[in-house]
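K.L.:
Here the UniProt record's numbering is used: position 231 in the sequence shown is 231, and no number is missing along the way. The C-beta atom is built at its ideal place from N, Cα and C for all residues, glycine as well. Please read all numbers here as calculations on a predicted model, not as lab measurements. To start, I am sharing the structure in question, which I have written as structure tokens.
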Amino acid sequence: MFSIGSEHRIQGIPAVSYSNGHRVIGNSQSRLYRSFAILKVLGTGHHGRVALCDWKSPETLPPNTTLPVMQTGKGARREWASKRLVAVKQLRRVFPGGWDECQLLRELQIHHEMPVHPNIISLYDFFLSTDTKTLYLVLEPMEGNLQHLIKARKGRPLAGGLVASIFFQMVSGIGHMHSLNYFHRDLMPENILVSTTGLFSYRPVAASGRETEVDIVAIVKIGDFGLSRAVDSRQVYTEYVGVRWYRAPEVLLMGADYSTSLDMWSLGVIMAELLLLKPMFPGMSQLDQIDKVISVLGDPTTDYGRDSFGDPIGGGPWPDGVELCRLRGFSFPQVRPKDLHTYFSRRVPPTLIQCIGQLLRYDAEERLTALECLEHSYFRQTLPLNDIPDLSAPHLFSGPRSA
Numbered sequence: 001m002f003s004i005g006s007e008h009r010i011q012g013i014p015a016v017s018y019s020n021g022h023r024v025i026g027n028s029q030s031r032l033y034r035s036f037a038i039l040k041v042l043g044t045g046h047h048g049r050v051a052l053c054d055w056k057s058p059e060t061l062p063p064n065t066t067l068p069v070m071q072t073g074k075g076a077r078r079e080w081a082s083k084r085l086v087a088v089k090q091l092r093r094v095f096p097g098g099w100d101e102c103q104l105l106r107e108l109q110i111h112h113e114m115p116v117h118p119n120i121i122s123l124y125d126f127f128l129s130t131d132t133k134t135l136y137l138v139l140e141p142m143e144g145n146l147q148h149l150i151k152a153r154k155g156r157p158l159a160g161g162l163v164a165s166i167f168f169q170m171v172s173g174i175g176h177m178h179s180l181n182y183f184h185r186d187l188m189p190e191n192i193l194v195s196t197t198g199l200f201s202y203r204p205v206a207a208s209g210r211e212t213e214v215d216i217v218a219i220v221k222i223g224d225f226g227l228s229r230a231v232d233s234r235q236v237y238t239e240y241v242g243v244r245w246y247r248a249p250e251v252l253l254m255g256a257d258y259s260t261s262l263d264m265w266s267l268g269v270i271m272a273e274l275l276l277l278k279p280m281f282p283g284m285s286q287l288d289q290i291d292k293v294i295s296v297l298g299d300p301t302t303d304y305g306r307d308s309f310g311d312p313i314g315g316g317p318w319p320d321g322v323e324l325c326r327l328r329g330f331s332f333p334q335v336r337p338k339d340l341h342t343y344f345s346r347r348v349p350p351t352l353i354q355c356i357g358q359l360l361r362y363d364a365e366e367r368l369t370a371l372e373c374l375e376h377s378y379f380r381q382t383l384p385l386n387d388i389p390d391l392s393a394p395h396l397f398s399g400p401r402s403a
């Protein structure tokens, strides 16, 4: 199905139109053909396949849809100039119950209910194939993801101003979700989508002996809401929440209650990886994952005192976690935490290390919220140093074009 160069014309449910700028969604009996050509296969995962496509059904796109940065930024490919780039996600799941069953899909519900945000991937269109009963999501395309960016660095640290920009955009997107009482549950570098647009001379955010640091400008958006949930959801959560390396301690110990704070733990681990350019806690199993965390943050049974910022050294005490361990039939080994200020490079601002440490608290109640993170002294110190170019994409898709 997703072969490069192939063209597709699929009859889908429902029909979609726009009236005075508002989307009008047809009922489960309405139908409309969607046409697109595959330009590149972006990825294949457990939940489906994603391809970069040239969209040839402009009537289904929201009015004033902006061109993606891939087509407007510096370095955009010339052959893309006349195309309407979208990302088409084909879900593996089959929906024998038709469109009525599709409407129960949380990923679709969340995209519908969440207002547009510059750091959240936009949903353009959606349809159920009348032939195969598979669901397609038509999404805003991006060049790649944070894992691709980290790998491409080949050990070369990111400019401090670039780190601040990426961090700020991630927190802004996560905070938008949390403010609407949703949490992601699957944050990892692969789900942090990235497009680049040229180079920028960043002013150093920490003492480096250099006047500027030239690096890319990155636009960052949160994607893949397949495991996302409403905070007040009464449904029993699935045991599998996110890739193991980024799971919060309460998830690793199979606690019964968790909320937006588990996203903040994942964010802290991702930020550490962005600085280290390698995973912080690459556990090989559930128990090994816990050991990897303890080897850096220490055990939660002992109070190891406070650091120079007045924060708990390591992950801090966690009585509820100790009790969860007891119920699972084991106990935490006593391990003294590492000093995060020596764990990271000297070029990393102390306030950023402090912020990461405050995200990596064992006790979920002690972690920074997204709003607290945005108000952290790290951002007050670093963001004013770099007047990064406007990251918005003002270019609009042109008018209707024949398929």
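Report buried or exposed for L42, applying the criterion of at least 16 other Cβ atoms within 10 angstroms of its Cβ.
P.N.:
Numbered from 1 along the sequence shown, position 42 holds the residue referred to as residue 42. Looking at its Cβ environment, which holds 16 or more other Cβ atoms inside 10 Å, L42 is buried.
K.L.:
Would a C-beta distance cut-off of 8 Å place P62 and Y18 closer than the cut-off?
P.N.:
Position 62 of the sequence shown holds residue 62. Position 18 of the sequence shown holds residue 18. Cβ atoms of P62 and Y18: closer than 8 Å.
K.L.:
On the premise that L52 lies in contact with A87, defined as a C-beta separation below 8 Å, what is that separation, rounded to the nearest angstrom?
P.N.:
By 1-based counting over the sequence shown, the position of residue 87 is 87. By 1-based counting over the sequence shown, the position of residue 52 is 52. A87 to L52, Cβ: 6 Å. Contact.
K.L.:
Look at the Cβ atom of V94, then the Cβ atom of T60, and state whether they are nearer than 8 Å.
P.N.:
Locating residue 94 in the sequence shown gives position 94, where the first residue counts as 1. Locating residue 60 in the sequence shown gives position 60, where the first residue counts as 1. No, the Cβ-Cβ distance between V94 and T60 is not below 8 Å.
K.L.:
Quick one: what's got a C-beta closer than 6 Å to G26's C-beta in the same chain, skipping five residues either side?
P.N.:
Counting from 1 along the sequence shown, the entry for residue 26 is found at position 26. Correct list, in chain order: P14 and A15.
K.L.:
Considering only residues of the same chain and omitting the five flanking positions on each side of Q289, which have a CB-CB separation below 8 Å?
P.N.:
Within the sequence shown, the letter at position 289 stands for residue 289. R244, W245, R247, L252, F281 and G283, listed in sequence order.
K.L.:
Can the beta-carbon of D186 be found less than 8 Å from the beta-carbon of D125?
P.N.:
Taking the first residue of the sequence shown as 1, we reach residue 186 at position 186. Taking the first residue of the sequence shown as 1, we reach residue 125 at position 125. No; because the gap between Cβ atoms is not below 8 Å, this pair is not in contact.
K.L.:
Going along the chain, which residues of its own chain have a beta-carbon closer than 6 Å to the beta-carbon of Y240, five neighbours each way excluded?
P.N.:
For the purposes of this step, residue 240 is identified with residue 240 of the sequence shown, where counting begins at 1. Annotation note: pLDDT 48 at Y240 (below 50); position unreliable, no value reported.
K.L.:
At 4 residues or longer, what runs of the alpha helix (DSSP H) sit wholly inside the stretch 100 to 148?
P.N.:
Listed in chain order, they are 106 to 113.
K.L.:
Are the beta-carbon atoms belonging to Y182 and S228 less than 8 Å from one another?
P.N.:
For the purposes of this step, residue 182 is taken as residue 182 along the sequence shown, with counting starting at 1. For the purposes of this step, residue 228 is taken as residue 228 along the sequence shown, with counting starting at 1. Yes.
K.L.:
Rounded C-beta distance between H111 and L128? I'm assuming under 8 Å.
P.N.:
Within the sequence shown, residue 111 is the residue found at index 111, counting from 1. Within the sequence shown, residue 128 is the residue found at index 128, counting from 1. That belief does not hold up - the Cβ atoms of H111 and L128 are roughly 15 Å apart, past 8 Å.
K.L.:
Cα separation between V236 and M254?
P.N.:
For this step, residue 236 is matched to residue 236 along the sequence shown. For this step, residue 254 is matched to residue 254 along the sequence shown. Caution applies to V236, whose pLDDT of 48 falls short of 50 and renders its modelled position unreliable; the value that the coordinates give is listed next. Taking the straight line from one Cα to the other gives about 12 Å.
K.L.:
Is M188 near I270, with beta carbons less than 8 Å apart?
P.N.:
The sequence position of residue 188 within the sequence shown is 188, counting from 1. The sequence position of residue 270 within the sequence shown is 270, counting from 1. Result yes, Cβ atoms of M188 and I270 sit closer than 8 Å.
K.L.:
Note the first and the last residue of the continuous beta strand (DSSP E) segment covering E7.
P.N.:
Position 7 of the sequence shown, counted from the first residue, corresponds to residue 7. E7 -> beta strand (DSSP E) spans E7 to I13.
K.L.:
Using a Cβ-Cβ cutoff of less than 7 Å, which residues in the same chain neighbour L383 once the five nearest sequence positions on both sides are dropped?
P.N.:
Residue mapping note: residue 383 aligns to position 383 of the sequence shown, counting from 1. For L383, where only same-chain residues beyond five positions count, the Cβ hits under 7 Å are A164 and F168.
K.L.:
Would you say G305 and P337 are within 8 Å of each other, going by their C-beta atoms?
P.N.:
Sequence index remark: in the sequence shown, residue 305 carries index 305 (1-based). Sequence index remark: in the sequence shown, residue 337 carries index 337 (1-based). Their beta carbons are not under 8 Å apart, which means G305 does not touch P337 by this criterion.
K.L.:
Below 8 Å on the Cβ atoms is my contact criterion, and I expect residue 412 with L91 to pass it. Report the Cβ-Cβ distance as a whole number of Å.
P.N.:
One cannot answer for residue 412 here, as it falls past the ends of the chain, which runs 1 to 403.
K.L.:
Whole-angstrom Cβ separation of V205 and G160, contact assumed at under 8 Å?
P.N.:
Taking the sequence shown and counting its residues from 1, the one referred to as residue 205 is at position 205. Taking the sequence shown and counting its residues from 1, the one referred to as residue 160 is at position 160. Going by Cβ atoms, the distance from V205 to G160 rounds to 4 Å, so yes, they are a contact pair.
K.L.:
Which ranges would you report for the beta strand (DSSP E) in the stretch 162 to 223 if only whole runs of at least 3 residues count?
P.N.:
192 to 202 and 213 to 222, all fully within the stretch 162 to 223.
K.L.:
Under the rule that 16 or more other beta-carbon atoms within 10 Å means buried, what is A256, buried or exposed?
P.N.:
Taking the first residue of the sequence shown as position 1, residue 256 is located at position 256. So A256 ends up on the exposed side.
K.L.:
Under the assumption that S3 contacts I38 (Cβ atoms under 8 Å), give the Cβ distance between them as a whole number of angstroms.
P.N.:
As a first step, residue 3 is located in the sequence shown; it is residue number 3 there, counting from the start. As a first step, residue 38 is located in the sequence shown; it is residue number 38 there, counting from the start. Yes, they are in contact, since the Cβ atoms of S3 and I38 sit about 6 Å apart, within 8 Å.
K.L.:
Could you check how far apart the C-beta atoms of S28 and D131 are, in whole angstroms? I think they sit under 8 Å.
P.N.:
Stepping through the sequence shown from its first residue, residue 28 is reached at position 28. Stepping through the sequence shown from its first residue, residue 131 is reached at position 131. Not a contact, Cβ separation roughly 16 Å.
K.L.:
With DSSP as the reference, label P58 as helix, strand or coil.
P.N.:
Taking the first residue of the sequence shown as 1, we reach residue 58 at position 58. Residue state, collapsed to three classes: helix.
K.L.:
Around the Cβ of R231, are there at least 16 other Cβ atoms within 10 angstroms (buried) or fewer (exposed)?
P.N.:
The sequence position of residue 231 within the sequence shown is 231, counting from 1. In the sequence as presented, Arg is not what sits at residue 231; that position holds Val. Exposed, since its Cβ has fewer than 16 Cβ neighbours within 10 Å.
K.L.:
I need the DSSP call for L52, collapsed to helix, strand or coil.
P.N.:
To locate residue 52, count along the sequence shown from 1; it is residue 52. It is a strand residue.
K.L.:
Quick check on S3: does DSSP put it in helix, strand or coil?
P.N.:
The residue labelled residue 3 in the question sits at position 3 within the sequence shown. In the structure shown, S3 sits in coil (DSSP, three-state: anything other than H, G, I, E or B).
K.L.:
Under 8 Å by Cβ, that's how I've got L199 and I216 pegged, so tell me the actual separation to the nearest angstrom.
P.N.:
On the sequence shown, residue 199 is found 199 positions in, with the first residue counted as 1. On the sequence shown, residue 216 is found 216 positions in, with the first residue counted as 1. Contact flag correct, Cβ pair sits at about 6 Å.
K.L.:
Start and end of the alpha helix (DSSP H) containing R23?
P.N.:
Numbered from 1 along the sequence shown, position 23 holds the residue referred to as residue 23. Premise fails: R23 lies in the beta strand (DSSP E), H22 to I25, not in any alpha helix (DSSP H).
K.L.:
Please list the terminal residues of the continuous beta strand (DSSP E) segment that includes R93.
P.N.:
Residue numbering aside, residue 93 sits at position 93 when the sequence shown is read from its first letter. Element bounds for R93: L85 to V94.
K.L.:
Check whether the Cβ atoms of L137 and K89 sit closer than 8 Å, and answer yes or no.
P.N.:
Translated into the one-based positions of the sequence shown, residue 137 becomes position 137. Translated into the one-based positions of the sequence shown, residue 89 becomes position 89. The answer is yes: Cβ separation under 8 Å.
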